[in-house]
Structures are given as structure tokens and as C-alpha cells.
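Undergrad: Dumping the structure here so I can ask a few things about it.
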């Protein structure tokens with residue numbers, strides 16, 4: 198079974214440029230998460246989708262970040278314009294919720310460097 | 011106060027010893043608790059989950075939960091150099107479907 202796929206793996210941009218990340222979750226997983234992980238920190242949730250619906254985007258900086266999950270499968274996270282502080286690893290995860298237990302499977306991440 | 015707290019370490023143990031990793035959380039309504047392992051430059055992978063008070067064992071790993079003290083721990087017996095990684099504690103608040111991660115504890119197992 199294929200895992201969570203993310204692209205690109207690495208991205209270097211200058212500040213004020215736009216950038217987009219793509220995620221394809223594990224087949225059949227209806228819940229998709231985008232996390233940001235800063236160096237030396239744990240992942241922080243940016244947005245959570247249940248199928249096509251964004252059910253938790255309280256931590257998404259909406260002035261510059263946007264996300265979409267068309268048809269409830271693939272998802273794209275966009276930053277426009279990027280700032281120096283956006284340099285981090287952006288992780289996508291997916292899960293099939295089953296009561297209390299909700300194992301999230303992570304993709305390899307996209308390492309963003311903003312110069 | 012952070013919602014999930016871990017000592018960032020590094021925690022250094024000799025090969026074959028028991029490594030003890032600790033985590034405290036602030037939300038008393040939290041229902042489930044997870045330990046993820048993250049190798050340098052890699053993504054987190056789940057190694058244990060627990061949602062009942064007490065101990066849960068899986069091979070060399072034992073997760074311990076004490077909801078009254080709001081405390082979760084992970085014991086790794088017979089530590090191996092391949093266990094050297096950052097261990098992330100994650101907590102799921104009641105009925106939210108989300109995970110809140112601690113900052114992680116770096117474990118170094120020396121041969």
C-alpha cells in the first residue's frame with residue numbers, strides 16, 4: 198500500500214514569492230491534515246479536512262495561507278506571499294478515524310527555505 | 011503553560027539500558043495518547059498509542075498513562091543505537107480528532 202505522497206520534497210524561494218505544496222493521502226483515508234514543523238519543535242496543525250470540508254483551520258494564518266482539497270482526495274497548501282518565518286517542514290498526514298484511536302500517517306514532508 | 015510538555019534532552023543512555031521518556035499534558039479531557047518516533051530528516055512514525063490508565067507493552071516498548079497526574083511515559087528496554095531518534099508525545103483532546111504534539115525528546119543510545 199502506498200503511503201502519503203508529498204511534493205516537492207524541497208523548495209527554496211525568496212521572500213514575497215508564492216509557493217504551493219501538494220499532498221496525496223493514503224487511499225481510503227478521508228481525513229487529511231497539514232502540519233508545520235519548525236526546527237526542534239513538534240508538528241503544529243494548520244488545517245484538518247474531513248473529506249472536502251475544512252473542519253479545523255483555526256491555526257491557519259489566513260492572510261497568507263490557503264488550502265483546498267478538491268473531490269476529497271488530493272490537497273494543496275499555498276503560501277502567498279512567503280515570509281522568512283515560513284521556513285519549516287510542511288507535513289501532510291492522513292487517517293481513517295475509528296473512535297478514540299486515530300492513527301495518523303505522515304508523508305515525507307516538504308522542506309521550505311525562504312531567503 | 012504548553013499543552014504538551016517534554017524535556018527536549020538529549021537523553022543519553024548506553025546500549026542495552028532502559029530509556030525513560032516523559033510527557034505531561036494540560037487538558038484533563040484528553041482521551042488518547044500517542045508516541046511517535048522521528049529520525050533526523052524523516053517524518054514521524056507511530057510506535058505506540060494508549061488510552062487507558064496503566065501500562066501497555068509492545069515488544070521492547072511500554073507506554074504508561076496516569077490520567078490523574080496527566081502524565082504519559084514511554085519506556086524502551088534493551089535500547090539499541092537504532093533507537094536514537096526524537097520521540098514525540100502527542101495528545102488528542104476529547105472528540106476533536108486532532109493531535110497536539112510536544113516538542114520532542116532526543117534520545118541518544120551509545121554503543
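Protein chains in written order, with the numbering used here: chain A, 198 to 312; chain B, 11 to 121.
Built from N, CA and C at the ideal position, the CB exists for glycine as well.
Residues of chain A with CB closer than 9 Å to the CB of residue 113 (chain B), please, in chain order.
TA: Neighbours of residue 113 (chain B) on chain A, chain order: 237, 238, 239.
Undergrad: Kindly indicate which residue of B:79, B:98, B:107 has the alpha-carbon position closest to the one of residue 64 (chain B).
TA: The candidate whose alpha carbon is nearest that of residue 64 (chain B) is B:79.
Undergrad: Since residue 99 (chain B) contacts residue 41 (chain B) with CB under 8 Å, what's their CB separation in whole angstroms?
TA: Contact flag wrong, Cβ pair sits at about 15 Å.
Undergrad: Under 8 Å between the Cβ atoms of residue 292 (chain A) and residue 303 (chain A)?
TA: Against a cut-off of 8 Å, the Cβ pair of residue 303 (chain A) and residue 292 (chain A) comes out as no contact.
Undergrad: Classify residue 237 (chain A) as buried or exposed, calling it buried when 16 or more other Cβ atoms lie within 10 Å of its own Cβ.
TA: Residue 237 (chain A) is exposed by the Cβ-count criterion.
Undergrad: Does the beta carbon of residue 40 (chain B) come closer than 8 Å to any beta carbon on chain A?
TA: Not an interface residue.
Undergrad: Can a CB atom of chain B be found closer than 8 Å to the CB of residue 304 (chain A)?
TA: By this cut-off, residue 304 (chain A) is an interface position.
Undergrad: Using beta carbons (cut-off 8 Å, strictly below), is residue 300 (chain A) in contact with chain B?
TA: It does; some Cβ of chain B falls within 8 Å.
Undergrad: Does DSSP classify residue 257 (chain A) as helix, strand or coil?
TA: Three-state result, residue 257 (chain A): coil.
Undergrad: Which residues in the same chain as residue 310 (chain A) place their Cβ atom closer than 6 Å to its Cβ, once the five residues preceding and following it in sequence are excluded?
TA: Closer than 6 Å at the Cβ level, and outside the excluded window around residue 310 (chain A), lie 209, 284.
Undergrad: Just to confirm before moving on: does the CB-CB distance between residue 101 (chain B) and residue 59 (chain B) stay below 8 Å?
TA: No, the Cβ-Cβ distance between residue 101 (chain B) and residue 59 (chain B) is not below 8 Å.
Undergrad: Quick one: is residue 24 (chain B) buried, meaning 16 or more other Cβ sit within 10 Å of its Cβ, or exposed?
TA: Exposed.
Undergrad: Using a C-beta to C-beta distance shorter than 8 Å, which residues of chain B count as neighbours of residue 253 (chain A)?
TA: Those within 8 Å of residue 253 (chain A) in chain B are 106, 107, 108.
Undergrad: How about residue 256 (chain A) and residue 280 (chain A): do their beta carbons lie closer than 8 Å?
TA: No.
Undergrad: Could you please tell me which residues of the segment 78-103 of chain B, in chain order, have their CB closer than 7 Å to any CB of chain A?
TA: Answer set for the segment 78-103 of chain B: 98, 102.
Undergrad: Could you tell me if residue 248 (chain A) is buried or exposed, where buried requires 16 or more neighbouring beta carbons within 10 angstroms of its beta carbon?
TA: Under this definition residue 248 (chain A) is an exposed residue.
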